[in-house]
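J.: For what it's worth, the working numbering labels the leading residue of the sequence shown as 1133, then goes sequentially. Note that the Cβ used here is the ideal one computed from N, Cα and C, for glycine as well. Here it is: the structure, laid out below.
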Amino acid sequence: MTMLAYFDENAGPSTGVQLTRIYMVLLGLGALLLAEQVLAGWIAFGERVNVLRSDINFIEWVVIVAFLLLALAALRAAWSLWRRDRAGWPWSQWVSFFATIIGAVFLMKALLPGAIAGISNLTAPDLDILFLVIGLLLFASGLLCYRFVTFGIKVIDEKVDKAQGALSTAVSDMTPGQFISLQLAQSPSAGAIIGFVFIFLVFSFV
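So, in structure tokens, the structure goes:
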């Protein structure tokens, strides 16, 4: 059973819906833990030699705020899904989407330094296992959850196509990927902004 059936057909929660609830709770608690670890200096972004753990740099503050927002959004989504509030559906989509993005950033943080060193014929730094594990967990779990919570929306899109425009899909029924694609199509400058942010993240976190 998809999320669409859970909300529109008043069916009982399937295994997928129950796992999504649990995932949102675990993701929220995990994001809070990661924010605390960065704040405490145990997870560092940047050089930590001869630097106090209490000295938090700008990138680490960005990471802390991002994890706190992700935690609040994930717990909000879990609460809405538990109450069968339809708002929990788009919340869960965006939470899993951003969890996937954050996981990809952690993977780049772990893997890119070695790749760049290999291309430049330099000594590769030690692989950061902590960032690799966090990145894999966030990326894989976020992607799996995203595929499940957006499955019903694809069904809606197919119905719209078959009806030849007789039905319309509201913006709230779009997946995050569809919404971003629409914004990029409507605003040429949006692509440049996203590209700049991506490049900034790559060079800041690596």
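How about A1242 and D1260: do their beta carbons lie closer than 7 Å?
T.: Along the sequence shown, one-based indexing puts residue 1242 at 110. Along the sequence shown, one-based indexing puts residue 1260 at 128. In contact: A1242 and D1260 (Cβ atoms closer than 7 Å).
J.: Can you tell me where the alpha helix (DSSP H) with W1261 in it begins and where it stops?
T.: On the sequence shown, residue 1261 is found 129 positions in, with the first residue counted as 1. In the sequence under discussion, the amino acid at residue 1261 is Ile, which differs from the Trp named in the question. It spans 1261-1281 - the alpha helix (DSSP H) in which I1261 sits, taken as one unbroken run.
J.: Since Y1278 contacts S1228 with CB under 8 Å, what's their CB separation in whole angstroms?
T.: Walking along the sequence shown from the start, residue 1278 turns up at place 146. Walking along the sequence shown from the start, residue 1228 turns up at place 96. Right, their Cβ atoms sit about 4 Å apart.
J.: Grouping DSSP H, G and I as helix and E and B as strand, with all else coil, what is P1145?
T.: By one-based count along the sequence shown, residue 1145 stands at place 13. Residue state, collapsed to three classes: coil.
J.: Enumerate, from N- to C-terminal direction, the unbroken alpha helix (DSSP H) stretches of 4 or more residues contained entirely within the stretch 1180-1231.
T.: Fully enclosed alpha helix (DSSP H) runs of 4 or longer: 1190-1214.
J.: Check F1177 in the structure and name its three-state DSSP category.
T.: Numbered from 1 along the sequence shown, position 45 holds the residue referred to as residue 1177. In this structure, F1177 counts as coil in the three-state DSSP scheme.
J.: T1147 and Q1225 - do their beta-carbons sit closer together than 7 Å?
T.: Taking the sequence shown and counting its residues from 1, one reaches residue 1225 at position 93. Taking the sequence shown and counting its residues from 1, one reaches residue 1147 at position 15. For Q1225 and T1147, no; Cβs fall outside 7 Å.
J.: Rounding to the nearest angstrom, what Cα-Cα distance links F1311 and L1244 in this structure?
T.: The count along the sequence shown starts at 1 and reaches residue 1311 at position 179. The count along the sequence shown starts at 1 and reaches residue 1244 at position 112. Roughly 29 Å between the two C-alpha positions.
J.: Could you check whether A1206 and G1344 sit closer than 7 Å to each other, using their CB atoms as the reference points?
T.: In the structure as shown, the chain starts at 1133 and stops at 1338, and residue 1344 therefore has no counterpart that could be examined.
J.: Would you report the Cα separation of G1144 and P1308, rounded to the nearest angstrom?
T.: Stepping through the sequence shown from its first residue, residue 1144 is reached at position 12. Stepping through the sequence shown from its first residue, residue 1308 is reached at position 176. G1144 and P1308: Cα-Cα distance of roughly 26 Å.
J.: Looking at C-alpha atoms only, which residue of L1262, L1202, V1170 is the closest neighbour of I1188?
T.: Locating residue 1188 in the sequence shown gives position 56, where the first residue counts as 1. Here the closest residue by C-alpha is V1170.
J.: Comparing C-alpha positions only, which one of S1321, M1306, T1134 sits nearest to L1213?
T.: Your numbering for residue 1213 matches position 81 in the sequence shown. Nearest option by C-alpha distance: T1134.
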